[in-house]
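A.B. asks:
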Amino acid sequence: MRVREMNSRFIRSVYSSRSDGNETSKGDEENNNYTGVSILSMRGGDGHNSYTTNSLLQRRVLSMSKPILVKNTKEMMTNLDFPKCIKVADLGCSSGQNTFLAMSEILNTITALCQERNQNPPEIDCCLNDLPGNDFNTTFKFISFFNDKLTSNTPCFISGVPGSFYSRLFPSKSLHFIHSNYSVNYPSKVPEGLEKNKMSVYITSSSALSEYKAYLNQFQKDFTTFLRMRSEEMVSNGRMVITLFGRNTIDDPLYRDCCHHLTLLSDSLRDLVFEGLVSASKVNSFKMPFYDPTDEEVKDIIRNEGLFQINDLETHAFDLGHCKEESSLQSCRAKPGEKEANCIRAALETMIVAHFGDAINIDTLFAKYAHHVSQHASCMNKTSVTLVVSLVRK
Numbered sequence: 001m002r003v004r005e006m007n008s009r010f011i012r013s014v015y016s017s018r019s020d021g022n023e024t025s026k027g028d029e030e031n032n033n034y035t036g037v038s039i040l041s042m043r044g045g046d047g048h049n050s051y052t053t054n055s056l057l058q059r060r061v062l063s064m065s066k067p068i069l070v071k072n073t074k075e076m077m078t079n080l081d082f083p084k085c086i087k088v089a090d091l092g093c094s095s096g097q098n099t100f101l102a103m104s105e106i107l108n109t110i111t112a113l114c115q116e117r118n119q120n121p122p123e124i125d126c127c128l129n130d131l132p133g134n135d136f137n138t139t140f141k142f143i144s145f146f147n148d149k150l151t152s153n154t155p156c157f158i159s160g161v162p163g164s165f166y167s168r169l170f171p172s173k174s175l176h177f178i179h180s181n182y183s184v185n186y187p188s189k190v191p192e193g194l195e196k197n198k199m200s201v202y203i204t205s206s207s208a209l210s211e212y213k214a215y216l217n218q219f220q221k222d223f224t225t226f227l228r229m230r231s232e233e234m235v236s237n238g239r240m241v242i243t244l245f246g247r248n249t250i251d252d253p254l255y256r257d258c259c260h261h262l263t264l265l266s267d268s269l270r271d272l273v274f275e276g277l278v279s280a281s282k283v284n285s286f287k288m289p290f291y292d293p294t295d296e297e298v299k300d301i302i303r304n305e306g307l308f309q310i311n312d313l314e315t316h317a318f319d320l321g322h323c324k325e326e327s328s329l330q331s332c333r334a335k336p337g338e339k340e341a342n343c344i345r346a347a348l349e350t351m352i353v354a355h356f357g358d359a360i361n362i363d364t365l366f367a368k369y370a371h372h373v374s375q376h377a378s379c380m381n382k383t384s385v386t387l388v389v390s391l392v393r394k
């Protein structure tokens with residue numbers, strides 16, 4: 001049997017020379033510290049608190065989005081008449097093996113379809129993108145895992161592409177398929193003009209309506225830039241499958257349920273303030289660069305830009321809980337909320353440390369977080385959902 005070709009190469013990021021008003025400049029990043037996109041990275045390595053160890057939620061979401069991923073991969077190959085080379089990108093790949101689960105699903109679908117249609121399989125160029133601070137080294141350690149997931153010897157080439165996806169990353173008309181999982185929720189910066197007199201890191205029911213509008217406007221600007229950049233990089237009839245944190249509270253744009261992950265983070269920081277473990281002013285000045293849109297908000301932005309056609313848009317239940325994934329229910333009861341807290345810690349620790357520095361004990365903060373998760377475990381009125389949208393480049 002022929003040895004599968006698997007080349008690993010690390011390339012420099014390519015930054016656009018064009019300037020869009022919503023891109024964060026180097027100077028802005030230095031001045032705003034935690035608001036700059038440069039620190040929006042998951043915790044690296046493969047230790048107890050790493051993203052690699054605590055990304056079960058994202059693996060479940062990949063399983064949820066598989067039907068749309070497979071469907072659009074097949075349609076892309078058919079509509080493009082089976083190109084000899086396919087370039088696939090995972091935007092916001094983070095560290096660990098999850099990115100290879102998505103890539104292997106796309107590659108195996110291409111291979112199976114080529115066999116079914118009696119076509120020669122194409123060479124595949126897999127590009128893994130994240131910000132320069134991402135732990136690409138840990139990701140590339142899983143290439144053998146990727147190799148084991150593939151069902152054929154189709155030539156495949158892996159590259160890392162560091163850079164913000166709010167700028168150009170690839171040559172014009174070079175991409176055939178794009179995947180992104182829970183990454184577009186993070187804008188290029190925290191919106192300007194937010195109130196800083198209350199201890200909430202994100203929108204709550206007590207927020208001013210102007211705060212919601214500021215977050216929505218920032219998301220609209222950044223998502224529009226994201227679509228424009230990708231439209232320049234993609235071939236006509238190329239496909240994009242994006243998964244987002246979303247919400248289903250259309251009537252009240254301020255409402256977030258009691259177990260929303262950022263509401264729980266606010267509660268945990270407030271506990272530290274009340275116990276004198278961190279200053280109120282430090283918490284008041286901390287806002288998360290994040291937005292959870294409704295499906296209508298997502299559709300409006302895509303339609304207004306007019307560069308992509310919506311092919312699929314599905315809404316799924318969102319559940320951060322991990323206990324049902326465990327083989328031992330008793331082990332879950334022993335440490336209520338710990339797995340959920342570890343998942344959020346892996347995603348947000350870098351941003352929290354960048355803002356608070358040595359002024360906060362991360363272990364204590366997420367022990368509080370685990371406690372609040374357990375207190376709200378029975379919440380049934382959840383506002384968070386997962387949105388899966390597939391787009392076709394016009």
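The opening position of the sequence shown corresponds to residue 1 in UniProt numbering, with each subsequent residue numbered one higher.
C-beta atoms are modelled at their ideal positions from N, C-alpha and C, and glycine is treated no differently.
(1) What residue from His260, Glu296 and Lys66 has the CA that sits closest to Met380's CA?
(2) Using the three-state DSSP reduction, which class does Gly343 fall into: helix, strand or coil?
(3) With 8 Å set as the bound, which would you pick, yes or no: does the beta-carbon of His260 sit closer than that to a beta-carbon of chain D?
(4) Please tell me whether Thr386 and Asn248 are closer than 8 Å, where the distance is taken between their beta carbons.
(5) What residue does the alpha helix (DSSP H) around Glu233 start on, and which one ends it?
(6) First and last residue of the alpha helix (DSSP H) that includes Val298?
(7) Can the beta-carbon of Pro83 be found closer than 8 Å to that of Pro122?
(8) Using alpha carbons as the reference points, say which of Ala346, Val88, Ser63 and Cys93 lies closest to Thr73.
(9) Looking at C-alpha atoms only, which residue of Phe223, Gly193 and Leu272 is the closest neighbour of Ser210?
(10) Quick one: what's got a C-beta closer than 6 Å to Asn108's C-beta in the same chain, skipping five residues either side?
(11) Does the beta-carbon of Gly357 have 16 or more other beta-carbons within 10 angstroms, so that it is buried, or is it exposed?
(12) In the DSSP output, which residue or residues are listed as bridge partners for Gln309?
(13) Leaving out five residues on either side along the sequence, give the residues of the same chain with a beta carbon under 6 Å from the beta carbon of Ser180.
(14) Any idea which residues DSSP pairs Pro162 with across the strands?
(15) Leaving aside the five residues before and after Tyr215 along the sequence, list all residues of the same chain whose C-beta is less than 7 Å from its C-beta, in chain order.
(16) Along the beta strand (DSSP E) that carries Phe177, what are the first and last residues, could you check?
(17) Suppose only complete runs of 4+ residues qualify. What are the alpha helix (DSSP H) ranges in the segment 245-280, listed by chain order?
(18) Say whether the segment 138-157 touches the segment 62-69, bearing in mind that this needs 3 or more beta-carbon pairs closer than 8 Å, one atom from each stretch.
(19) Which first and last residues belong to the alpha helix (DSSP H) in which Lys87 is found?
(20) Between Lys335 and Ser268, which are expected to be in contact by the criterion C-beta below 8 Å, what is the C-beta distance as a whole number of angstroms?
(21) Any idea which residues DSSP pairs Thr243 with across the strands?
(22) Note down the Cα distance separating Val389 from Ala208, rounded to an integer number of angstroms.
(23) If you draw a straight line from the alpha carbon of Lys287 to that of Val201, how long is it in whole angstroms?
(24) Considering only residues of the same chain and omitting the five flanking positions on each side of Ala102, which have a CB-CB separation below 8 Å?
(25) Exposed or buried, which one is Ile124 when buried takes at least 16 other CB atoms within 10 Å?
(26) Would you mind stating whether Glu305 and Thr364 have Cβ atoms separated by less than 8 Å?
(27) Quick check: the Cα distance between Ser188 and Glu340, rounded to an integer number of angstroms?
C.D. replies: With the structure as the only source:
(1) Taking the first residue of the sequence shown as 1, we reach residue 380 at position 380. Checking every option, the nearest Cα to that of Met380 belongs to His260.
(2) For this step, residue 343 is matched to residue 343 along the sequence shown. First, the amino acid is wrong: residue 343 is Cys here, not Gly. DSSP places Cys343 in helix when its eight states are reduced to three.
(3) Considering every chain present, this structure includes no chain D. It has just one protein chain.
(4) By one-based count along the sequence shown, residue 386 stands at place 386. By one-based count along the sequence shown, residue 248 stands at place 248. It is not a contact, given that the beta carbons lie outside the stated cut-off.
(5) As a working mapping, residue 233 is identified with position 233 in the sequence shown. Taken as a continuous stretch (DSSP letters only), the alpha helix (DSSP H) holding Glu233 covers Leu209 to Glu233.
(6) Along the sequence shown, read from residue 1 onward, the residue named residue 298 stands at position 298. Its alpha helix (DSSP H) spans residues Asp295 to Glu305.
(7) Numbered from its first residue, the sequence shown carries residue 83 at position 83. Numbered from its first residue, the sequence shown carries residue 122 at position 122. Cβ distance < 8 Å, so Pro83 and Pro122 count as in contact.
(8) In the sequence shown, counting from the first residue as 1, residue 73 sits at position 73. Thr73 has its Cα closest to that of Val88, out of Ala346, Val88, Ser63 and Cys93.
(9) In the sequence shown, residue 210 corresponds to position 210, counting from 1. Nearest of Phe223, Gly193 and Leu272 to Ser210, Cα basis: Gly193.
(10) Walking along the sequence shown from the start, residue 108 turns up at place 108. Answer for Asn108: Thr151, listed in chain order.
(11) Locating residue 357 in the sequence shown gives position 357, where the first residue counts as 1. Gly357 comes out exposed.
(12) Within the sequence shown, residue 309 is the residue found at index 309, counting from 1. Val392, per the DSSP bridge assignment.
(13) Translated into positions along the sequence shown, residue 180 becomes position 180. Leu91, Gly92 and Ile242.
(14) In the sequence shown, counting from the first residue as 1, residue 162 sits at position 162. DSSP, once it has assigned bridges, lists Asp130 as partnering Pro162.
(15) Taking the first residue of the sequence shown as 1, we reach residue 215 at position 215. Shown here for Tyr215: same chain residues with a beta carbon closer than 7 Å to its own, the five before and five after excluded, namely Pro191, Ile203 and Tyr291 in chain order.
(16) As a first step, residue 177 must be located in the sequence shown, where it is residue number 177. From DSSP, the beta strand (DSSP E) with Phe177 extends over Leu175 to Asn181.
(17) 261-274
(18) no
(19) Stepping through the sequence shown from its first residue, residue 87 is reached at position 87. Taken as a continuous stretch (DSSP letters only), Lys87 belongs to no alpha helix (DSSP H), being part of the beta strand (DSSP E) at Cys85 to Leu91.
(20) By one-based count along the sequence shown, residue 335 stands at place 335. By one-based count along the sequence shown, residue 268 stands at place 268. Not a contact, Cβ separation roughly 16 Å.
(21) Here the question's residue 243 lines up with position 243 in the sequence shown. Thr243 is bridged to Asn181 and Val388.
(22) Position 389 of the sequence shown holds residue 389. Position 208 of the sequence shown holds residue 208. Cα to Cα, the separation comes out at about 30 Å.
(23) Counting from one through the sequence shown, the residue named residue 287 turns up at place 287. Counting from one through the sequence shown, the residue named residue 201 turns up at place 201. Going by the C-alpha atoms only, they are around 4 Å apart.
(24) Along the sequence shown, one-based indexing puts residue 102 at 102. Within the same chain, Ala102 has close Cβ partners Leu62, Leu69, Asp90, His179 and Asn181.
(25) On the sequence shown, position 124 is the one that residue 124 refers to. The residue is buried, with at least 16 neighbouring Cβ atoms inside 10 Å.
(26) Residue 305 sits at position 305 when you count from the first residue of the sequence shown. Residue 364 sits at position 364 when you count from the first residue of the sequence shown. It is not a contact, given that the beta carbons lie outside the stated cut-off.
(27) Counting from 1 along the sequence shown, the entry for residue 188 is found at position 188. Counting from 1 along the sequence shown, the entry for residue 340 is found at position 340. So the alpha carbons of these two residues sit roughly 26 Å apart.
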